[in-house]
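In what follows, a single structure is set out as structure tokens and then discussed.
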Amino acid sequence: MANLSSRKEQLAAFDRLLTIMDELREQCPWDKKQTTESLRHLTIEETFELSDAILEGNPEEIKKELGDLLLHLVFYAKIGSEEGNFDMATLTNALCEKLIRRHPHIYGDTEAKDEETVKQNWEKIKLQEKGNKSVLGGVPKSLPALIKAMRIQEKARGVGFDWEEKHQVWEKVEEEMQEFKQEFNAAENQEIDREKASAEFGDLLFSLINYARFIDINPEEALERTNLKFIKRFQYLENAARAQGKSLGEMTLNEMDVYWNEAKKL
154 MANLSSRKEQ
164 LAAFDRLLTI
174 MDELREQCPW
184 DKKQTTESLR
194 HLTIEETFEL
204 SDAILEGNPE
214 EIKKELGDLL
224 LHLVFYAKIG
234 SEEGNFDMAT
244 LTNALCEKLI
254 RRHPHIYGDT
264 EAKDEETVKQ
274 NWEKIKLQEK
284 GNKSVLGGVP
294 KSLPALIKAM
304 RIQEKARGVG
314 FDWEEKHQVW
324 EKVEEEMQEF
334 KQEFNAAENQ
344 EIDREKASAE
354 FGDLLFSLIN
364 YARFIDINPE
374 EALERTNLKF
384 IKRFQYLENA
394 ARAQGKSLGE
404 MTLNEMDVYW
414 NEAKKL
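Numbering (this note's numbering), first residue to last: 154 to 419.
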């Protein structure tokens, strides 16, 4: 367990970071050139690196990646202050005010005895604040499709539009599976309507994501863990083939299956 800092030490460390950011912006050729636009893709990359560290369960890497992401936030605040739009104090105070507004069960007289009520209150207040005509108006357009599906479903649930029982959601999954099978039956060797099959497959994925959410499984995280598991097993297969003096292209599927099953046992 690391030695944790006092509030005074944390504030001093943050003040030091702001001072360093000022110095870099004034003196470093690279830092002086950066804009919100030039930093954007780097921030996205840092966010995914943090995600990787979290999935790996590596506290040291999480700390490192959080630091990189914090640097970006401070950088954006510095640029905002130079342009006269905002600074670290104004954006932090705005965040504090938002948190107070959206937690009326803590800072007001609203009652919320469970997590679901808190989520519903949050979405309702957010809708009022943003003036969106649609509950789904706050879902970023550039989100990856799987994560976007999760957020769409969560926001719809926030205003009460959701199934009541998980068996109803699973019945929907089975219904979508049958509809997809009708459009793309692997047992039949006939040409399919790919546009319709694609639409049905999208419906099937959406319903599976919905079921995962309903039983408290994060489908994005579950899929990424499966990706990592496949990579690990496939690389074992590659190394085993190399140890035999072969490439995968020279092996039969049955030979590869032997090493694959070994990898599954590890």
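Idealized CB from N, CA, C, for every residue including glycine. Owing to the predicted nature of the structure, the values given are computational and were not obtained by experimental measurement.
Within 9 Å, strictly: CB atoms of residue i and residue j
i: residue 288; j: residue 308; result: yes
i: residue 332; j: residue 348; result: no
i: residue 176; j: residue 185; result: no
i: residue 115; j: residue 360; result: This structure does not reach residue 115, given that the chain is present from 154 up to 419, and the question cannot be answered.
i: residue 416; j: residue 387; result: yes
i: residue 322; j: residue 363; result: yes
i: residue 299; j: residue 373; result: yes
i: residue 230; j: residue 221; result: no
i: residue 232; j: residue 188; result: yes
i: residue 400; j: residue 393; result: no
Cα-Cα separation, residue i to residue j
i: residue 227; j: residue 282; result: 25 Å
i: residue 225; j: residue 159; result: 24 Å
i: residue 161; j: residue 167; result: 10 Å
i: residue 249; j: residue 335; result: 52 Å
i: residue 369; j: residue 290; result: 24 Å
i: residue 97; j: residue 206; result: The displayed coordinates of the chain run from 154 to 419. Any statement about residue 97 would go beyond what the structure contains.
i: residue 258; j: residue 295; result: 32 Å
i: residue 165; j: residue 173; result: 12 Å
i: residue 242; j: residue 264; result: 31 Å
i: residue 234; j: residue 251; result: 21 Å
i: residue 181; j: residue 406; result: 55 Å
i: residue 237; j: residue 190; result: 17 Å
N- and C-terminal bounds of the alpha helix (DSSP H) containing residue i
i: residue 207; result: 189–209
i: residue 328; result: 319–336
i: residue 343; result: First-last for residue 343: undefined, no H or E at that position.
i: residue 155; result: Segment: none, residue 155 is in no alpha helix (DSSP H) and carries neither H nor E.
i: residue 294; result: Taken as a continuous stretch (DSSP letters only), residue 294 belongs to no alpha helix (DSSP H), as it is neither H nor E.
i: residue 241; result: 241–254
i: residue 282; result: 268–283
i: residue 421; result: Given that the chain is displayed from residue 154 to residue 419, the structure contains no residue 421 and the question cannot be resolved.
i: residue 234; result: 212–235
Best match in the options for proximity to residue i [C-alpha to C-alpha]
i: residue 256; options: 246, 243 and 270; result: 270
i: residue 383; options: 412, 189, 196 and 223; result: 412
i: residue 301; options: 272, 371, 244 and 317; result: 371
i: residue 367; options: 343, 326, 388 and 351; result: 326
i: residue 314; options: 418, 277, 344 and 343; result: 277
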